[in-house]
Ligand SMILES: Cc1cc2nc3c(=O)[nH]c(=O)nc-3n(C[C@H](O)[C@H](O)[C@H](O)COP(=O)(O)OP(=O)(O)OC[C@H]3O[C@@H](n4cnc5c(N)ncnc54)[C@H](O)[C@@H]3O)c2cc1C
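Residue numbers (this note's numbering): 231 to 853.
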């Protein structure tokens, strides 16, 4: 088909999912003429899997994205209907916000924001080709024969690239929720040299609320005290929905075992690699055969719908088996299925061909973001989209790139894991992935990243000033508590006793009292006459910084060591093959990844400390 010239832009974004949205908004807000393409405008900001934002580690990503000037946090606070802080019983490093989102409201919110954003055009079109000249992108072509010139292209195709949907014996070309699959583009990207591979993910059935017997389930209400996702949210949030908890049982497991021969997971139909941390129910039955029940959370999909999502029952078993397995579950005996569970296979790129800016090493001006890069999850996708959108813009403006390293954030950890170590399955963030999780908490994402957001141009000066004032107040209060003492007396000791803490005989410093387990900042209020009145987000920080001062200092030291290794830059044109003493595996891995620093080189699997020593000596000799 002869392409006609349909227009030109600075940044073309392929895909209006969670990655594409953040990429397009960032580029447009940084003054780039941006076009955002999607196969179907009704899929903008779709939540094809769990109708929820956040979760363990994912809540951290949303807060970090918000501090940098991204949109997901504000969208979540505008459209979420139930909030829970996970791991509240554990230390602040693993506190993770998770909220049920109204799926339709979330999509409408994001689509409306995109439609109103200056410099940004939203278009329904399937991109089939990325055009390249002399190793640099020049534009995109659509299925209807339109060509758009573009100086940068961001691929955020999610779970649509050559995707197939699988339910039992039924296998057909489709995107999620009956949307059209992306056809043609994968072939074009392979021709450009991008190494694509097939991944898979799955989702559970949706059922009608009227068919559920909630009396057989445990109510899961939202938190009494709600913390927002966005540091910029100033309206009061409320819980407007509840979830429920039920369980599978031996009868459910039996039905699944009896039908494993009809399971696409076990009869060879599915070849794509699935997410280890979101297994299908049939995989759970096989992998954890000793377990006699598995948790299922019944989650609302929105306020204006009767659709319920059964978290934990993801599957690709035939529809008739799905119905029979649901009928064994307490409360779902008469469940009315509205949408069957299914698995989806799709093409995605090996992320080791990407730089930490999300630009490909192979084609200048071509970026990858989201599920296309091998991750799984709305939040993981959104942060990559933001980084790609920012860096495509900075490069077009001739400015230095924004590279978030592991010592700054979970975003930095996620991107470094992808581009340095790669991933053989859909990558999901978890707090255990960060070496510095006590430093990289949800609550202090604004302290760590707002200035970076300001410097790239996405955060206002006023916002930066507010954050700096907040942490100045935190510093002042921490040092006041270190300097201030209180005399030991019966009232104080009564409080300490209530907190199972040893009474004091003479006087004690407020900071030392606060460092005691179970003693809170509020507990000390009656004994602290000169206490200033401070907002909750400041006192929360004060409590954490005083209580964990020792651990925080230790992690800060580790960060300094990390920065030192990162500061040892490696020339981009280093001929690893010619460095004597390097083992063959190390030469191959270093030659493929082309690390930017000694630090990054040391994180490549297959590169040993001995190889790093050889590299350091070689660099010294070269110098
Ligand atoms: C069935 C299913 C189950 C899932 N289960 C989980 C799970 O258990 N846990 C989890 O964390 N995540 C899960 N996810 C993943 C989650 O949905 C994605 O991680 C997230 O949506 C990825 O965001 P994205 O922006 O990368 O892509 P998507 O949200 O998939 O958006 C892709 C966008 O690209 C557009 N597009 C694609 N190709 C083209 C083209 N050629 N031209 C124009 N536009 C194009 C589409 O129209 C769409 O707008 C699941 C997804 C699906 C579909």
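Backbone N, C-alpha and C define an ideal beta-carbon position, used for all residues, glycine too.
_Using only the alpha-carbon positions, how far apart do residue 371 and residue 416 sit?_
13 angstroms
*Taking 8 angstroms as the cut-off, decide whether the C-beta atoms of residue 704 and residue 789 are in contact.*
no
*Return the first residue and the last residue of the alpha helix (DSSP H) that residue 816 is part of.*
814-823
*Just how far apart, CA to CA, sit residue 724 and residue 718?*
10 angstroms
*Given 8 angstroms as the limit, is there contact between the stretch 574-581 and the stretch 384-398, that is, 3 or more CB pairs closer than that?*
yes
*Helix, strand or coil at residue 485 according to DSSP, with G and I counted as helix*: helix
*What three-state label does DSSP hand residue 359 in the structure shown?*
strand
*residue 353 lies in the beta strand (DSSP E); which residues open and close that run?*
350-354
*Would you mind stating whether residue 511 and residue 485 have Cβ atoms separated by less than 8 angstroms?*
no
*asked:* On a Cα-Cα basis, can you pick out the residue from 545, 563 and 593 that is closest to residue 493?
replied: 545
*Three or more C-beta pairs closer than 8 angstroms, one from the stretch 471-480 and one from the stretch 508-526: is that the case here?*
yes
*Cβ-based neighbour list, residue 637, same chain, cut-off 7 angstroms, excluding 5 preceding and 5 following*: 666, 789, 792 and 793
*Does DSSP put residue 418 in a helix, a strand or coil?*
helix
*Opposing strand residues paired with residue 530 [DSSP bridges]*: 538
_Using CA atoms only, rank isn't needed, just tell me which of 548, 812, 831 and 462 is closest to residue 650._
831
*Is it the case that the Cβ atoms of residue 260 and residue 301 are separated by a distance below 8 angstroms?*
no
*Helix, strand or coil at residue 670 according to DSSP, with G and I counted as helix*: coil
*Cβ of residue 797 versus every heavy atom of ligand 1: is any distance shorter than 7 angstroms?*
no
*Under the three-state reduction of DSSP, which class applies to residue 325: helix, strand or coil?*
coil
*Consult DSSP for residue 445 and reduce its assignment to one of helix, strand or coil.*
helix
_Per-residue burial, residue 732 [other beta carbons within 10 Å of its own, 16 or more giving buried]_ = exposed
*So does the stretch 425-432 actually touch the stretch 371-382, counting three or more Cβ pairs closer than 8 angstroms?*
no
*asked:* Can you tell me whether residue 551 is buried or exposed? The criterion is at least 16 other CB atoms within 10 Å of its CB, across all chains shown.
replied: buried
*Under three-state DSSP, which class holds residue 829?*
helix
_For residue 608, which residues in the same chain have their Cβ closer than 7 angstroms to its Cβ, ignoring the five residues on either side in sequence?_
248, 277 and 283
*Between which two residues does the beta strand (DSSP E) carrying residue 267 extend?*
264-268
*What is the residue span of the beta strand (DSSP E) that residue 797 lies within?*
That residue, residue 797, is in no beta strand (DSSP E); its alpha helix (DSSP H) goes 779-797.
*What residue from 473, 422 and 409 has the CA that sits closest to residue 444's CA?*
473
*Helix or strand or just coil, what does DSSP make of residue 708?*
helix
_Is the separation between the beta-carbon of residue 635 and that of residue 604 shorter than 8 angstroms?_
no
*Can you tell me whether residue 243 is buried or exposed, with buried defined as 16 or more other CB within 10 angstroms of its CB?*
buried
*Compute the minimum distance between the beta carbon of residue 402 and the heavy atoms of ligand 1, and state whether it is under 7 angstroms.*
no
*How close, in whole Å, do the beta carbons of residue 239 and residue 264 come, if the pair is a contact with beta carbons under 8 angstroms?*
6 angstroms
*What's the C-alpha gap between residue 841 and residue 795?*
14 angstroms
_Once the 5 residues before and after residue 594 are set aside, which same chain residues still bring their CB inside 8 angstroms of it?_
365, 366 and 367
*From residue 241 to residue 598, what distance separates their C-alpha atoms?*
13 angstroms
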